[in-house]
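Engineer: I have a structure here, written as structure tokens, and I will follow up with some questions on it.
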Amino acid sequence: MIKRNLYLEEIKKYMNKPIIKVITGMRRSGKSMILKLIQEELKKDKINEDNIIYINFESLIFMDIKDFETLYKYIIEKTNNINGKIYILLDEIQEVKGWEKAINSFLVDLDVDIYITGSNANLLSSELATYIAGRYIEIKIYPLSFQEYIDFASKNDKENALSLDEYFNQYLNFGGLPGIHIFNYNKEEIYQYLVDVYNSILLRDVIARNNIRDIELLERVVLYIMDNIGNIFSAKSISDFLKNQGRKLSVETVYNYLKALENAFIISKVQRYDIKGKKILETQEKYYLSDLGFRHAKLGYQSNDVSGYLENIVFLELLRRKYRVNIGKQENKEIDFVANFRNENLYLQVTYLLASPETIEREFSPLKSIKDNYPKMVLSMDNLPESNVEGIKRKKIIDFLLEK
């Protein structure tokens with residue numbers, strides 16, 4: 001197993017502390033592997049295997065555990081004759097109805113350290129979540145970062161001698177789901193795998209969970225988002241687009257579809273932020289994919305859209321680094337990202353190449369118009385030395401992604 005230290009080190013800070021570790025993220029993004037890595041850490045610490053209880057609710061072995069009462073009874077019976085702290089690891093906990101009640105009881109009745117994963121953003125927002133309120137820490141798992149992609153690819157005989165630019169070209173084409181690395185850089189097999197994962201998430205975490213009946217219309221909404229990465233639009237834009245195609249879908253239903261896709265971690269909504277007025281704007285937003293590979297597997301890679309793909313990659317990297325991210329509006333100009341961490345901003349422009357004076361002016365002038373002293377940066381794919389123009393840094397995107 002390749003360690004994903006970015007997450008493992010964060011989780012280890014909370015090991016053996018009376019706080020539930022809630023690991024969330026899209027299916028196949030690596031949550032189950034994180035639980036296995038936790039098991040390995042526990043064994044290294046000489047924890048008896050009998051004291052580690054692991055349940056994957058996607059396995060048919062545990063198909064009878066459907067509600068909190070059955071789960072509680074199963075764990076209590078398993079721990080009856082075990083001494084010492086019990087380590088409970090529960091994978092895809094959202095499959096258990098009322099799971100929060102069982103988790104709360106384990107905290108009361110047992111000496112436990114609890115780790116759970118879930119593939120739905122609503123996991124901690126239900127009324128039942130009050131049972132564990134104030135007693136959990138959420139750790140969000142994303143598909144592989146570029147550094148992690150290199151770590152995985154370098155273990156593969158067909159990929160271990162590539163240059164950084166070649167690795168990045170793969171990353172841009174295939175995305176960051178860990179599972180793609182078993183296909184030996186076979187484009188056809190990777191894209192088939194990505195389509196299968198996408199269909200599985202759509203069916204189980206969007207359609208079934210939200211009782212969506214018109215699957216074809218939902219698909220059209222997703223394809224519209226995929227085709228407009230990096231563009232500002234609204235639910236009304238999607239509704240109007242479908243109307244022009246002879247299909248009716250109300251703005252309210254589009255909103256419901258978008259929310260369902262967000263809850264399944266397929267997409268992320270990014271709102272606009274008025275830098276001068278210091279407020280979030282309620283209209284027009286951007287949506288980014290949790291994994292670019294889905295877009296290319298469904299629609300094919302289109303080189304004229306590469307700036308949007310690069311934005312998507314930088315957006316996900318900012319989330320990994322714990323930034324809150326918005327699109328910036330500075331009077332009539334747009335800033336690609338206003339990233340905020342601990343009340344300090346980072347302003348970013350992302351473009352493919354600074355190939356002309358017009359492009360340079362377009363990317364740098366919005367940042368020049370911001371009068372505060374927070375860091376400002378233009379990221380591109382140019383093979384030029386890092387530079388500084390009137391306090392604005394220019395960096396190669398690859399270098400930015402590989403920063404510690």
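Numbering-wise (UniProt numbering), the sequence shown opens with residue 1 and increments by one. By construction, the Cβ of each residue, glycine as well, lies at the ideal position given by its N, Cα and C atoms.
State the DSSP-derived secondary structure class of M377, mapped to helix, strand or coil.
Structural biologist: What you label residue 377 is simply residue 377 of the sequence shown in a count that begins at 1. Of the three classes helix, strand and coil, the one that applies to M377 here is strand, per DSSP.
Engineer: Can you give me the Cβ contacts of G118 inside the same chain, cut-off strictly under 6 Å, excluding the 5 residues immediately before and after it?
Structural biologist: On the sequence shown, residue 118 is found 118 positions in, with the first residue counted as 1. Cβ within range, chain order: T24, I93, Q94.
Engineer: Express the C-alpha separation of V108 and I327 in angstroms, rounding to a whole number.
Structural biologist: By one-based count along the sequence shown, residue 327 stands at place 327. By one-based count along the sequence shown, residue 108 stands at place 108. For I327 and V108, the distance between alpha carbons rounds to 44 Å.
Engineer: By Cβ distance below 8 Å, which residues in the same chain neighbour Q147 in space, the five residues on each side in sequence not counted?
Structural biologist: The count along the sequence shown starts at 1 and reaches residue 147 at position 147. Contacts found: L401, L402.
Engineer: Under 7 Å, do E363 and V378 count as touching if we go by C-beta distance?
Structural biologist: Your numbering for residue 363 matches position 363 in the sequence shown. Your numbering for residue 378 matches position 378 in the sequence shown. A contact, by the Cβ cut-off of 7 Å.
Engineer: Using the C-alpha atoms, what's the distance from D45 back to I103?
Structural biologist: Within the sequence shown, the letter at position 103 stands for residue 103. Within the sequence shown, the letter at position 45 stands for residue 45. Rounded to the nearest angstrom, the two C-alpha atoms are 24 Å apart.
Engineer: Confirm, please, whether the CB-CB distance from G98 to I57 is below 7 Å.
Structural biologist: Position 57 of the sequence shown, counting from 1, holds the residue named residue 57. Position 98 of the sequence shown, counting from 1, holds the residue named residue 98. The sequence given here has Phe at residue 57, not Ile. No; because the gap between Cβ atoms is not below 7 Å, this pair is not in contact.
Engineer: What do you reckon, are the CB atoms on A339 and V325 nearer than 7 Å?
Structural biologist: Here the question's residue 339 lines up with position 339 in the sequence shown. Here the question's residue 325 lines up with position 325 in the sequence shown. For A339 and V325, yes; Cβs fall inside 7 Å.
Engineer: Would D113 and L35 qualify as a contact pair, given that the criterion is a beta-carbon distance under 7 Å?
Structural biologist: To locate residue 113, count along the sequence shown from 1; it is residue 113. To locate residue 35, count along the sequence shown from 1; it is residue 35. No.
Engineer: Tell me the rounded alpha-carbon separation between I279 and E188.
Structural biologist: As a first step, residue 279 must be located in the sequence shown, where it is residue number 279. As a first step, residue 188 must be located in the sequence shown, where it is residue number 188. Checking the sequence, you will find Lys at residue 279 rather than Ile. Distance between the alpha carbons of K279 and E188: 45 Å.
Engineer: Mind the definition here: the segment 38-53 touches the segment 74-84 only if three or more C-beta pairs lie below 8 Å; say whether that holds.
Structural biologist: Yes: the two stretches touch, three or more of their Cβ pairs being nearer than 8 Å.
Engineer: Looking at the secondary structure, which residues open and close the alpha helix (DSSP H) in which Y273 lies?
Structural biologist: Residue 273 sits at position 273 when you count from the first residue of the sequence shown. Per DSSP, Y273 belongs to no alpha helix (DSSP H); it is in the beta strand (DSSP E), 267-274.
Engineer: Could you give the first and the last residue of the continuous beta strand (DSSP E) run that contains residue 411?
Structural biologist: The question about residue 411 has no answer here: the residues shown for the chain are numbered 1 through 404.
Engineer: Tell me, please, whether the segment 261-270 touches the segment 234-243 by the rule of three or more beta-carbon pairs shorter than 8 Å.
Structural biologist: The segment 261-270 is not in contact with the segment 234-243.
Engineer: Identify the continuous alpha helix (DSSP H) that holds T117 and give its terminal residues.
Structural biologist: As a first step, residue 117 must be located in the sequence shown, where it is residue number 117. Segment 112-118 is the beta strand (DSSP E) holding T117; no alpha helix (DSSP H) there.
Engineer: Would you give the residue range spanned by the beta strand (DSSP E) that K371 belongs to?
Structural biologist: As a working mapping, residue 371 is identified with position 371 in the sequence shown. Element bounds for K371: n/a, residue is neither H nor E.
Engineer: Given 8 Å as the limit, is there contact between the segment 187-201 and the segment 251-258, that is, 3 or more CB pairs closer than that?
Structural biologist: Too few Cβ pairs lie closer than 8 Å, so no.
Engineer: Considering only DSSP beta bridges, list what A129 is partnered with.
Structural biologist: Taking the sequence shown and counting its residues from 1, one reaches residue 129 at position 129. Note: A129 sits in no beta bridge, so no partner.
Engineer: Any idea what DSSP makes of G328, helix, strand or coil?
Structural biologist: By one-based count along the sequence shown, residue 328 stands at place 328. The answer is strand: DSSP assigns G328 an E or B state.
Engineer: Please list the terminal residues of the continuous beta strand (DSSP E) segment that includes T283.
Structural biologist: Indexing the sequence shown from 1 puts residue 283 at position 283. 279-289 is the extent of the beta strand (DSSP E) around T283.
Engineer: Looking at the structure shown, is E403 part of a helix, part of a strand, or coil, going by DSSP?
Structural biologist: Taking the sequence shown and counting its residues from 1, one reaches residue 403 at position 403. Three-state result, E403: coil.
Engineer: Out of M63, S59, S105, state which residue places its alpha-carbon closest to the alpha-carbon of I76.
Structural biologist: Within the sequence shown, residue 76 is the residue found at index 76, counting from 1. That would be S105, whose Cα lies nearest to the Cα of I76.
Engineer: Just to confirm my understanding: we take D205, look at its own chain, exclude 5 residues before and 5 after, and list those with CB closer than 7 Å. What are they?
Structural biologist: Locating residue 205 in the sequence shown gives position 205, where the first residue counts as 1. Cβ neighbours of D205 beyond the five flanking positions: R27, S119, N120, A264.
Engineer: Which word fits S356, buried or exposed, when buried means at least 16 other C-beta atoms lie within 10 angstroms of its C-beta?
Structural biologist: As a first step, residue 356 must be located in the sequence shown, where it is residue number 356. Exposed, by the Cβ-count rule.
Engineer: Could you round the C-beta distance between E41 and K12 to whole angstroms and report it? I think they count as a contact, below 8 Å.
Structural biologist: If you number the sequence shown from 1, residue 41 lands on position 41. If you number the sequence shown from 1, residue 12 lands on position 12. Contact flag correct, Cβ pair sits at about 7 Å.
Engineer: Sort out for me which residues DSSP pairs T24 with in a bridge.
Structural biologist: Start at 1 with the first residue of the sequence shown, and residue 24 comes out as number 24. Paired residue(s): G118, K140.
Engineer: Flag this pair as yes or no: are the beta carbons of Y131 and K101 separated by less than 7 Å?
Structural biologist: In the sequence shown, the residue the question calls residue 131 occupies position 131. In the sequence shown, the residue the question calls residue 101 occupies position 101. Yes, they are a contact pair.
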